[in-house]
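Chains as they are written, first to last, in full-length UniProt numbering: chain A, 1 to 425; chain B, 1 to 284.
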């Protein structure tokens with residue numbers, strides 16, 4: 001098996017297979033263009049690329065011992081998520097009844113380091129090719145009565161040739177594997193870029209809440225990293241993103257605070273309508289609204305920590321082909337507003353590994369479409385609704401138009417009051 | 001080559017030359033998973049676990065990453081190697097034999113692309129009787145899947161199996177029952193209507209009811225451990241286990257150890273009543 005792409009998803013896939021007992025005598029290769037990333041201690045400064053890890057993903061990572069490494073480096077669990085609108089008072093709060101951790105904010109580098117350690121642990125089965133790049137793929141012909149090899153041939157830039165029964169493409173939203181396999185991709189560039197930065201709070205706090213406010217230009221989110229530090233993910237127009245990046249640090253901090261605190265976008269009409277709806281709900285369901293907390297205010301930003309990257313949405317029409325499977329962003333790319341991107345990828349890994357493990361224990365040819373299609377069906381069924389929902393949310397919240405604001409205000413308030421719906425989310 | 005094989009079949013072999021002609025035409029179609037042999041490909045989903053689990057249940061130490069390591073298997077009537085390859089992937093050393101040279105050629109070519117399989121599998125174009133002399137009590141397991149319904153002399157076949165099998169070795173058979181239902185579904189529907197089996201492949205007369213197979217096995221030194229009915233779903237293209245053996249079935253028998261004699265009829269009836277209450281078997 002060859003996994004192309006050594007990011008969080010690709011590395012985790014290789015590690016899961018490497019630790020699978022039914023893969024005991026199989027060889028796995030991981031191709032990664034970048035260098036090896038491993039840390040014994042994290043640097044004092046936090047990295048500006050972080051991910052929200054769901055409990056399900058944490059379970060996957062602990063299956064092969066990577067989660068322990070993450071815990072010993074650093075991570076921040078959060079218990080509560082408050083999401084609200086800039087154009088109204090509507091708000092929705094997510095928290096688990098038993099005050100369990102809802103999720104974890106972890107720096108991407110920490111995850112990579114943990115994965116690298118676990119890949120080392122199975123180095124006899126998994127070979128990682130750092131600094132490698134595939135320059136050519138030869139696909140097998142479907143008919144089995146010919147003389148050429150029925151496996152996938154991969155030619156690397158340094159002249160190495162690999163052949164494999166199954167090529168797993170985990171090489172991101174511009175996946176080369178997907179392009180070379182001629183799998184069509186539905187994609188759409190958003191008019192937005194995300195600005196990330198590492199921020200220091202005005203005062204130390206428990207900081208176990210994740211905050212997200214939907215501004216007309218895009219959602220701004222504050223993700224806790226420690227008692228005094230949080231990570232910023234601000235999705236906004238390209239022009240505004242550029243402004244944010246180039247303005248001086250004080251103005252940057254002011255923009256953030258104002259984005260979270262200002263009520264400039266409220267209109268009396270919406271406020272009144274919202275208040276009416278809220279009273280109506282509290283008649284029907286007295287416990288229907290949770291306490292509104294106030295987000296922390298920002299004191300300063302880490303110099304050099306500001307960066308931006310463009311956002312888009314993508315979904316491959318097929319996740320699998322004979323001897324090829326796509327996982328992670330190569331198969332689906334979403335807006336960061338729901339914090340789901342990497343979790344979808346980890347979900348793909350869980351499902352694909354399950355099917356491959358069963359196939360290996362049955363002595364099947366790993367590249368056979370029969371079990372690959374089962375993976376595709378399961379994941380597409382799960383992913384499509386979530387990807388569509390995230391896209392719809394993004395569009396719904398990108399407007400100031402009163403009717404739509406009212407709709408989403410009432411919608412958010414109603415959802416906040418309905419436990420069954422919230423649990424599903 | 002056909003003439004040479006005909007000579008063998010008249011005297012010392014259980015191979016039926018008419019049967020071989022049928023398979024000659026399809027020799028190169030074996031490995032097309034969606035083609036003529038698609039039902040056999042999907043049968044691996046139940047017959048490989050059946051064999052694997054039965055052997056794991058009987059063994060004391062094994063490694064889940066290489067469950068059949070060290071096991072020597074003879075795949076009789078291996079065809080293009082559809083069953084030999086998965087068994088070899090699980091660690092077994094497999095010898096696959098088939099009287100048709102074209103089948104062996106296809107099988108050899110297909111395994112040659114995989115260095116692991118190439119080492120673990122040996123194919124030979126011959127009949128079972130031809131290897132008896134040089135392979136007395138050599139194999140731990142014999143697999144005769146979808147074969148006994150094509151064989152000319154079933155008792156001779158079973159006897160030869162017994163000779164090349166080590167004491168307490170296992171014999172796995174999958175085949176088709178001889179019932180009205182198997183005629184309707186196995187021949188009329190499968191061959192003539194839906195066409196999932198190439199027409200003319202099977203002759204109802206040669207189908208073997210499980211009771212008869214059991215009788216022959218028990219009187220040739222085997223003890224039947226498991227009998228399970230199998231069902232093919234043509235819409236999903238997949239196989240599953242079922243209680244009734246009226247269409248397809250799988251059987252696992254074990255050759256008695258060196259000390260025991262082949263069982264007299266007294267013990268036979270005792271085992272038969274045991275069997276009827278335990279048809280659930282080990283397969284999952």
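Here a beta-carbon is modelled for each residue, glycine too, at the ideal position from N, C-alpha and C.
Note that this is a predicted model, so its numbers are computed, not measured.
Distance, Cα to Cα, residue i vs residue j?
i, j, result
"residue 395 (chain A)", "residue 84 (chain A)", "16 Å"
"residue 221 (chain B)", "residue 142 (chain B)", "15 Å"
"residue 13 (chain A)", "residue 176 (chain A)", "18 Å"
"residue 356 (chain A)", "residue 350 (chain A)", "10 Å"
"residue 239 (chain A)", "residue 122 (chain A)", "47 Å"
"residue 412 (chain A)", "residue 231 (chain A)", "25 Å"
"residue 127 (chain B)", "residue 135 (chain B)", "13 Å"
"residue 273 (chain A)", "residue 41 (chain A)", "52 Å"
"residue 35 (chain B)", "residue 166 (chain B)", "37 Å"
"residue 180 (chain A)", "residue 154 (chain A)", "11 Å"
"residue 263 (chain B)", "residue 219 (chain B)", "Model confidence at residue 263 (chain B) stands at a pLDDT of 43, short of 50, so the residue's coordinates are unreliable; what they give is reported in the following sentence. Distance between the alpha carbons of residue 263 (chain B) and residue 219 (chain B): 7 Å."
"residue 60 (chain B)", "residue 386 (chain A)", "47 Å"
"residue 359 (chain A)", "residue 371 (chain A)", "7 Å"
"residue 184 (chain B)", "residue 32 (chain B)", "27 Å"
"residue 193 (chain B)", "residue 160 (chain B)", "37 Å"
"residue 210 (chain A)", "residue 353 (chain A)", "31 Å"
"residue 201 (chain A)", "residue 300 (chain A)", "7 Å"
"residue 38 (chain A)", "residue 172 (chain A)", "21 Å"
"residue 323 (chain A)", "residue 227 (chain B)", "36 Å"
"residue 90 (chain A)", "residue 65 (chain B)", "55 Å"
"residue 213 (chain A)", "residue 260 (chain A)", "7 Å"
Beta-carbon within less than 6 Å of residue i's beta-carbon, same chain only, minus the 5 sequence neighbours each way: which residues are those?
i, result
"residue 122 (chain B)", "95"
"residue 260 (chain B)", "In this predicted model, residue 260 (chain B) has a pLDDT of only 46, less than 50, meaning its place in the structure is not dependable; the value taken from the coordinates is given anyway. There are no such residues."
"residue 234 (chain A)", "195, 220"
"residue 298 (chain A)", "199, 253, 256, 257"
"residue 144 (chain B)", "76, 173"
Taking 7 Å as the cut-off, does the CB of residue i come closer than this to any heavy atom belonging to the ligand MG?
i, result
"residue 195 (chain A)", "Among the ligands in the structure shown, none appear at all, so the ligand MG cannot be discussed."
Under three-state DSSP, which class holds residue i?
i, result
"residue 96 (chain B)", "strand"
"residue 150 (chain B)", "helix"
"residue 260 (chain A)", "helix"
"residue 115 (chain B)", "helix"
"residue 327 (chain A)", "coil"
"residue 108 (chain A)", "helix"
"residue 262 (chain B)", "Low per-residue confidence applies at residue 262 (chain B): pLDDT is 44, beneath 50, and the placement is therefore not dependable, though the value from the model is reported in the following sentence. Three-state DSSP puts residue 262 (chain B) in coil, outside helix and strand."
"residue 192 (chain B)", "helix"
"residue 303 (chain A)", "coil"
"residue 332 (chain A)", "strand"
"residue 352 (chain A)", "helix"
"residue 244 (chain A)", "helix"
"residue 144 (chain B)", "strand"
"residue 183 (chain B)", "helix"
What whole-angstrom Cβ distance do residue i and residue j have, given they're in contact under 8 Å?
i, j, result
"residue 186 (chain A)", "residue 321 (chain A)", "Residue 186 (chain A) to residue 321 (chain A), Cβ: 17 Å. No contact."
"residue 156 (chain B)", "residue 210 (chain B)", "Actually they are not in contact, since the Cβ atoms of residue 156 (chain B) and residue 210 (chain B) sit about 20 Å apart, beyond 8 Å."
"residue 343 (chain A)", "residue 56 (chain A)", "7 Å"
"residue 191 (chain B)", "residue 199 (chain B)", "5 Å"
"residue 113 (chain B)", "residue 51 (chain A)", "Actually they do not touch by this definition, with Cβ atoms about 40 Å apart."
"residue 149 (chain B)", "residue 207 (chain B)", "5 Å"
Going by beta carbon distance, what residues of the same chain come within less than 7 Å of residue i, once the five residues before and after it are set aside?
i, result
"residue 23 (chain B)", "100, 103"
"residue 77 (chain A)", "101, 104, 208"
"residue 255 (chain A)", "244"
"residue 366 (chain A)", "1, 165, 166, 356, 359, 360"
"residue 108 (chain B)", "123"
"residue 383 (chain A)", "332, 344"
"residue 139 (chain B)", "72, 73, 74, 164, 165, 166, 169"
"residue 241 (chain A)", "193, 195, 308"
"residue 64 (chain A)", "15, 16, 19, 118"
"residue 158 (chain B)", "216, 217, 220"
Determine, using beta carbons only, whether residue i and residue j come nearer to each other than 8 Å.
i, j, result
"residue 156 (chain A)", "residue 114 (chain A)", "no"
"residue 347 (chain A)", "residue 333 (chain A)", "no"
"residue 464 (chain A)", "residue 170 (chain A)", "The structure shown does not extend to residue 464 (chain A), since chain A spans only 1 to 425, so no value can be given for it."
"residue 106 (chain B)", "residue 80 (chain B)", "yes"
"residue 43 (chain B)", "residue 239 (chain B)", "yes"
"residue 83 (chain B)", "residue 52 (chain B)", "no"
"residue 67 (chain B)", "residue 87 (chain B)", "no"
Taking 8 Å as the limit between beta carbons, can you name the residues of its chain near residue i, skipping five residues before and five after?
i, result
"residue 28 (chain A)", "1, 2, 3, 14, 17, 18, 125, 126, 127"
"residue 153 (chain B)", "14"
"residue 257 (chain B)", "167, 168"
Within 8 Å of chain E by C-beta, residues of the region 70–103 of chain B in sequence order: Here the protein chains are A and B, and chain E is not one of them.
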